[in-house]
Structure formats: structure tokens, C-alpha cells
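Just so we're aligned, residue 305 is where the sequence shown starts under our numbering, counting upward by one. For every residue, glycine included, the Cβ atom is placed at its ideal position computed from N, Cα and C. Quick caveat: nothing in here was measured; it's all calculated off a predicted structure. Read through the structure below, which is laid out as C-alpha cells, and then see the notes.
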Amino acid sequence: MKIRTGQCLCGRVHYEVRGEPSGVGLCHCADCRRESGSAFVMFAIWPRHAFSSTGDFSTYEGRSFCFACGARLFNLTDEEAELRVGSLDMAPTDLKPTYEIWAKRRENWLTALPDTHQHHEDQDHNSASNAF
Ligand SMILES: [Zn+2]
Ligand SMILES: [Zn+2]
305 MKIRTGQCLC
315 GRVHYEVRGE
325 PSGVGLCHCA
335 DCRRESGSAF
345 VMFAIWPRHA
355 FSSTGDFSTY
365 EGRSFCFACG
375 ARLFNLTDEE
385 AELRVGSLDM
395 APTDLKPTYE
405 IWAKRRENWL
415 TALPDTHQHH
425 EDQDHNSASN
435 AF
């Protein structure tokens, strides 16, 4: 089974995910822009049982980060572990987005990725049907 590892910038928090993600996407929403300080985020979703971590982290409204270095890491629920792909140790990764959400917030100089589902606003991050 494929294992991918990741960590925060200072190395206090480490994690791993086992198996393949159920979804990989880009989010351009205003909250993701603000939390990341960047134009968009790339996320990937695994079942919660495929995820484990070591080290203490903080969580704000479901968004977990290292309290020491501030690096964004993941969002954990009972069902899912949604990773910020930039926190993986691989750079570049072997993951590719299949959909984009909140496309209406996408920077004007960016274009839609080819061969991806485009969603004007939100949808469940893990169901890539309902392209508009
Ligand atoms: Zn850290
Ligand atoms: Zn978002």
C-alpha cells in the first residue's frame, strides 16, 4: 500500500496517509485564500482511518496547523482527513487535481485546469459530479 508522509515547516508535526486519496482538488474560496495567504489551495482527501499523525497541533474552525510555525496541515473529521497537499514531503507530488471549486474566486490571470470538473461555488470536496 502506498504511504505518503508530510510535516509542518518546523518539523513538530508529522503525519502519514495510506492508500490513494478519494479526491484531489483546488479551492479558490475566500476562506482558503485568507488562511493560506495564497491565491488558492490544493487539497487531497483520504478516509480518516488511513491517516495518523504525531506532534501537537492547533485547530481553528476545523483547519489544523502547527502552533509553533503556523504551517497549515489538514482538516480532520470523523470520516475524512483532508490534507493541504503542500505539506506532503514530496515536491512535486504524484497527485493531480480532478476538480476545482469556488472557480468564481479564481485569480483572473489563472485559467481552469484542462480535464477537470469546474464548480462555480462550493460542493462536497469528495464528490466530483455536478459540474456546471
Ligand atoms: Zn511546525
Ligand atoms: Zn476553500
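Which residue comes first and which comes last in the beta strand (DSSP E) that contains R337?
-> That residue, R337, is in no beta strand (DSSP E); its alpha helix (DSSP H) goes A334 to S340.
Using 6 Å as the cut-off, classify the Cβ of A343 as near or not near the heavy atoms of ligand 1, replying yes or no.
-> no
If you measure from the CB of L313, is any heavy atom of ligand 1 nearer than 6 Å?
-> yes
Segment contact flag, the stretch 348-360 with the stretch 378-389, C-beta cutoff 8 Å, min 3 pairs | yes
Would you please state the rounded distance, in angstroms, between the beta carbons of V328 and K400? I believe it to be under 8 Å.
-> Between K400 and V328 the Cβ distance is about 6 Å, and since that is below 8 Å, they are a contact.
Report the three-state DSSP secondary structure of H421 (helix, strand or coil).
-> Strand, per DSSP.
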